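Asker: I'd like to ask you about the structure that follows.
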Amino acid sequence: MSNVRFDELELMLMAMFEQPTLRDTLQVLTLVAEDAEMAALVQQTIPKMQRLTEPQFKGLELEWYRPEDDARK
3 MSNVRFDELE LMLMAMFEQP TLRDTLQVLT LVAEDAEMAA LVQQTIPKMQ RLTEPQFKGL
63 ELEWYRPEDD ARK
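Per the working numbering, the very first residue in the sequence shown carries number 3; after that it's consecutive.
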C-alpha cells in the first residue's frame, strides 16, 4: 500500500474537480492542467494521485477540502 501525502492545496484541487472515480478525476485534472494558472499545482498532484488505489482515493474524504460554495451542492 502506497503512503502518498498530499498538501492542503492538492487536496482542495482534487475536491474541486472530484469525479465518481479516481480515473475520471485524473482525466478532468488533465484538462485543467491546460489552464496556465492551475498547471503547476495539477502537475505536482497528478503523479501522486496515480499512485493511489481507488479505495485510497475514496478514503481521502475530499468533501472537507471543497470550497464552501461547492460543499453545499
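Glycine is no exception: its CB is placed at the ideal position from the N, C-alpha and C atoms.
Nothing here was measured: the structure is a model prediction, and the numbers come from that model.
#1: For Asp-37, which residues in the same chain have their Cβ closer than 7 Å to its Cβ, ignoring the five residues on either side in sequence?
#2: Let me know the alpha helix (DSSP H) ranges lying completely inside the region 19-68, each 4 residues or longer, listed in chain order.
#3: Do Gln-45 and Leu-28 have their C-beta atoms closer together than 8 Å?
#4: Hey, how far is the Cα of Met-3 from the Cα of Glu-70?
Answerer: Based on what the coordinates show:
#1: none
#2: 24-34, 41-51 and 56-60
#3: no
#4: Low confidence applies to Met-3: its pLDDT is 45, below 50, so where it sits in the model is not reliable enough to give any reading.
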